[in-house]
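Undergrad: Below you will find the structure I want to go over with you.
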Amino acid sequence: MIRIAVLMLFCLTAPMPDDQPADSIAESLAPWNQWRGPLGTGVAVGATPPVEWTTEKNVRWKTRLPGKGHSSPVLWHDRVFVTAAIPIGPKLPPRMSGRPGEHDNLPVDSRYQFAVIALDRRDGTILWQTVVREEVPIEAGHYSGSLASASPVTDGRFVFASFGAQGLYCLNMNGKVVWKKDTGPVHTKHGHGHGSSPALYGECLVLNQDHEDDSFLLVLEKTTGEEIWKKERTEDTSWSSPIVIERRDQEGVIQPEIVVCGTNRVRGYHLSTGKVLWECSGMSSNVVATPVYSNGVLYVGSSYEKKVLIAIKLEDVSGDLTGTDHVLWVRSRGTPYVPSMLLYDDAVYFLTHYQNVLTRVHGPTGEDDPGALRLGPLGNIYSSPVGANGHVYITDLSGTTMVITHASSPKLVAVNRLDEPIAASAAIRGDEIFLRGEQHLFCIGATE
């Protein structure tokens with residue numbers, strides 16, 4: 505019997521753009537327009553993707569993508585957006601980044617084009633491919649990563665993409681660059697590369713840049729790229745992405761705030777001013793997993809020199825929450841490293857480090873529900889699990905996806921193989937699931 509853990513949510517979600525009327529909550533949340541989906545939790549509300557596929561069955565289309573990228577696809581109606589780093593020209597004399605503790609890295613030996621790509625969701629045709637920058641990178645990153653690992657975000661009017669040291673870009677829906685911003689050199693821990701995805705809320709674009717030099721959190725006006733505020737952070741490298749949540753403040757007014765997880769602290773920032781509203785310590789270094797939030801509770805996890813998963817009640821909070829009653833529970837086993845957590849209803853799912861052990865706990869209490877499960881057919885996993893229509897999808901580095909029921913006593917539904925390595929997380933919309941492999945973007949949907 506396959507058993508695991510998950511948690512539902514109602515979390516972040518920015519107001520809809522002016523040109524997108526929302527007749528219902530489900531409609532307003534439908535586009536998988538950002539990293540971890542419309543709710544920021546890995547759940548696709550109202551979607552009904554297939555649970556079974558092969559290289560021949562239920563593949564509506566597959567399109568070969570140029571270069572390499574581990575960024576997840578994002579969707580808006582009939583468009584799919586991805587990013588890629590494309591090596592060009594003759595090979596250069598190889599060099600390493602020279603960062604302290606460097607190991608398992610690729611050499612810098614090529615000039616690259618950094619590109620944003622739009623595909624037609626209906627047939628996979630590449631509609632446009634815009635090269636936003638061309639240069640030799642200062643770091644090539646870990647051999648298992650990519651130079652295009654941060655996922656883009658879109659509001660249906662613009663597409664925003666971050667390439668770390670290669671800059672932040674805003675494009676319109678026709679692929680024209682509207683504005684660009686050089687955010688400075690990025691020197692990551694061990695030279696392992698950049699991966700934090702930007703977040704979008706209303707007119708604000710949020711970028712976190714934690715690295716080994718001067719880390720900061722940046723908020724820009726999305727249509728112009730003008731700086732609203734910039735906040736220095738006392739953090740070393742993390743790959744965790746910021747999220748924006750809506751929370752009732754001490755005066756009872758619902759306010760958006762940015763949550764960023766780092767080595768020293770997880771912090772909540774006022775969206776408009778950058779003021780630190782609360783903070784909590786206890787994480788490991790090298791934080792990769794993105795936080796998730798639901799029903800007033802924030803879940804943060806990491807696994808490097810120590811394992812930790814913390815549930816924090818964000819009700820009537822201010823100041824340092826470490827060791828207070830706002831910390832509902834702390835877990836020190838089976839915690840996530842590369843893949844982020846999934847929140848689905850009242851369950852939290854997370855993988856052990858990046859191995860094939862999935863744990864399901866009851867979010868509000870942290871109790872096993874039913875606990876850990878070894879995912880026998882799967883190997884190492886970088887992709888974050890996703891959920892839809894009462895199912896949970898977990899994809900490993902070989903391109904094998906296990907589908908299980910979303911239940912306290914989960915059951916195996918299917919094991920699906922595409923025979924192409926997959927590190928990027930899936931995106932879901934309607935009756936389709938999009939999987940980005942090392943070479944192709946797959947649209948999985950019923951074909952019979």
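Heads up, the sequence shown is in this note's numbering, so the first residue is 505 and it goes up one at a time.
Glycine is no exception: its CB is placed at the ideal position from the N, C-alpha and C atoms.
1) Taking C-alpha atoms, which residue in D935, L945, T951 and A928 lies nearest to A652?
2) On a Cα-Cα basis, can you pick out the residue from V723, V681, I642 and C674 that is closest to H698?
3) Is it the case that the Cβ atoms of L970 and M906 are separated by a distance below 8 Å?
4) Quick check: T552 and N920, are their CB atoms within less than 8 Å of each other?
5) If you run the structure through DSSP and keep just helix, strand and coil, what is Q713?
6) Does the Cβ of R568 have 16 or more other Cβ atoms within 10 Å, making it buried, or fewer, making it exposed?
7) Go through its chain and collect everything with a Cβ distance to E556's Cβ below 7 Å, but skip five positions before and after it.
8) Does G605 pass the burial test, meaning 16 or more other C-beta atoms within 10 Å, or should it be called exposed?
9) Within its chain, find whatever has a CB closer than 7 Å to the CB of H646; leave out the 5 residues flanking it on each side and keep chain order.
10) My output table needs one value for K735: the three-state DSSP class, helix, strand or coil.
11) Against chain B, does R625 count as a neighbour if the rule is that its beta carbon must be under 8 Å from one of theirs?
12) For S614, which option in K572, D718, S844 and H691 has the closest C-alpha, if you only look at C-alpha atoms?
13) Is there contact here, the region 774-788 with the region 815-824, by at least three beta-carbon pairs under 8 Å?
14) Provide the residue span of the beta strand (DSSP E) that contains R637, from first to last.
15) Would you report the Cα separation of T909 and L579, rounded to the nearest angstrom?
16) Pick out whichever of I749, S666 and K680 has its Cα sitting closest to the Cα of L722.
17) Is the region 617-637 touching the region 579-592 in the sense that three or more CB pairs, one from each, lie closer than 8 Å?
18) Enumerated in chain order, which unbroken segments of the beta strand (DSSP E) with a length of 3 residues or greater are wholly contained in the region 862-907?
19) In three-state terms, what does DSSP make of K779?
20) Less than 7 Å between C-beta atoms, sequence neighbours within five positions excluded: which residues of the same chain meet that for V586?
21) Ignoring anything shorter than 3 residues, give me the beta strand (DSSP E) runs that lie fully in the region 740-778, in order along the chain.
22) Between which two residues does the beta strand (DSSP E) harbouring E961 extend?
23) Can you tell me which of the three DSSP states H698 falls into?
24) Going by CA-CA distance only, name the one from I590, P925, P611 and G894 that's closest to L901.
25) Looking only at its own chain, which residues have a Cβ that is under 7 Å from the Cβ of Y492, when we skip the five neighbours before and after it?
26) Using only CA atoms, which one of D718, G602, L802 and G891 lies nearest to T869?
27) Sort out for me which residues DSSP pairs Y803 with in a bridge.
28) Once DSSP output is grouped into helix, strand and coil, what is the label at K693?
29) Report the rounded CA-to-CA distance for A851 versus V640, giving the unit in angstroms.
30) Going straight from the alpha carbon of I932 to that of R540, what length do you get?
31) How is the beta strand (DSSP E) around R661 delimited, first residue to last?
32) When the Cα of P554 is compared with those of I630, G894, G668 and P914, which residue comes out closest?
33) Quick one: grab the DSSP three-state call for A703.
34) Counting only the same chain and skipping the five closest in sequence on each side, list residues whose C-beta sits under 7 Å from that of H774.
35) Hey, would you say I814 sits closer than 8 Å to G786, going by beta carbons?
36) Of the residues A950, G706, A892 and R835, which one's Cα is nearest the Cα of G660?
TA: On the basis of the data shown:
1) As a first step, residue 652 must be located in the sequence shown, where it is residue number 148. Among D935, L945, T951 and A928, the Cα nearest to that of A652 is on A928.
2) Within the sequence shown, the letter at position 194 stands for residue 698. Residue I642 is the option with its Cα nearest to H698.
3) With the chain represented from 505 up to 952, any question about residue 970 goes unanswered, as that position is not in the structure.
4) Stepping through the sequence shown from its first residue, residue 552 is reached at position 48. Stepping through the sequence shown from its first residue, residue 920 is reached at position 416. In this structure, N920 does not lie closer than 8 Å to T552 by Cβ.
5) For this step, residue 713 is matched to residue 209 along the sequence shown. Correct three-state label for Q713: strand.
6) Looking up residue 568 in the sequence shown gives position 64. Exposed is the call here.
7) Taking the first residue of the sequence shown as position 1, residue 556 is located at position 52. Result list for E556: N562, A918 and N920, in chain order.
8) The count along the sequence shown starts at 1 and reaches residue 605 at position 101. Label assigned to G605: exposed.
9) Reading the sequence shown from its first residue, position 142 is the one you call residue 646. For H646, where only same-chain residues beyond five positions count, the Cβ hits under 7 Å are D608, N609, H696 and G697.
10) Within the sequence shown, numbered from 1, the residue matching residue 735 stands at position 231. K735 falls in the strand class under three-state DSSP.
11) Of the protein chains in this structure there is only one, and it is not chain B.
12) Within the sequence shown, numbered from 1, the residue matching residue 614 stands at position 110. Considering only alpha carbons, the answer is K572.
13) yes
14) Working through the sequence shown from its first residue, we reach residue 637 at position 133. Run containing R637: I630 to E639, per the beta strand (DSSP E) assignment.
15) Within the sequence shown, the letter at position 405 stands for residue 909. Within the sequence shown, the letter at position 75 stands for residue 579. Between T909 and L579, the C-alpha separation is close to 25 Å.
16) Locating residue 722 in the sequence shown gives position 218, counting from the first residue. Considering only alpha carbons, the answer is S666.
17) yes
18) 872-878, 890-892 and 895-899
19) Counting from 1 along the sequence shown, the entry for residue 779 is found at position 275. If DSSP states are grouped into helix, strand and coil, K779 belongs with coil.
20) Along the sequence shown, one-based indexing puts residue 586 at 82. Counting only Cβ-Cβ distances below 7 Å, and skipping sequence neighbours, we find L569, G573, S575, P577, I621, R940 and L945.
21) 747-752, 758-765 and 770-774
22) Nothing can be reported for residue 961, as the shown portion of the chain is limited to 505 through 952.
23) Along the sequence shown, read from residue 1 onward, the residue named residue 698 stands at position 194. It is coil, neither helix nor strand.
24) Counting from one through the sequence shown, the residue named residue 901 turns up at place 397. Checked all of I590, P925, P611 and G894; the closest Cα to L901 is P925.
25) Since the first residue of the chain shown is 505 and the last is 952, residue 492 is not available in this structure.
26) The count along the sequence shown starts at 1 and reaches residue 869 at position 365. Nearest C-alpha to T869: L802.
27) Position 299 of the sequence shown, counted from the first residue, corresponds to residue 803. Answer is V796 and A815.
28) Mapped onto the sequence shown, residue 693 falls at position 189. Reduced to three states, the DSSP call for K693 is helix.
29) Counting from 1 along the sequence shown, the entry for residue 851 is found at position 347. Counting from 1 along the sequence shown, the entry for residue 640 is found at position 136. Rounded to whole angstroms, A851 to V640 spans 44 Å at the Cα level.
30) Within the sequence shown, the letter at position 428 stands for residue 932. Within the sequence shown, the letter at position 36 stands for residue 540. Approximately 10 Å, taken between the alpha carbons.
31) Working through the sequence shown from its first residue, we reach residue 661 at position 157. Careful: R661 lies outside any beta strand (DSSP E) and carries neither H nor E.
32) In the sequence shown, the residue the question calls residue 554 occupies position 50. Residue G894 is the option with its Cα nearest to P554.
33) For the purposes of this step, residue 703 is taken as the residue at position 199 of the sequence shown. Correct three-state label for A703: strand.
34) Here residue 774 refers to the residue found at position 270 of the sequence shown. E761 and L781.
35) Residue 814 sits at position 310 when you count from the first residue of the sequence shown. Residue 786 sits at position 282 when you count from the first residue of the sequence shown. Yes; because the gap between Cβ atoms is below 8 Å, this pair is in contact.
36) By 1-based counting over the sequence shown, the position of residue 660 is 156. Here the closest residue by C-alpha is G706.
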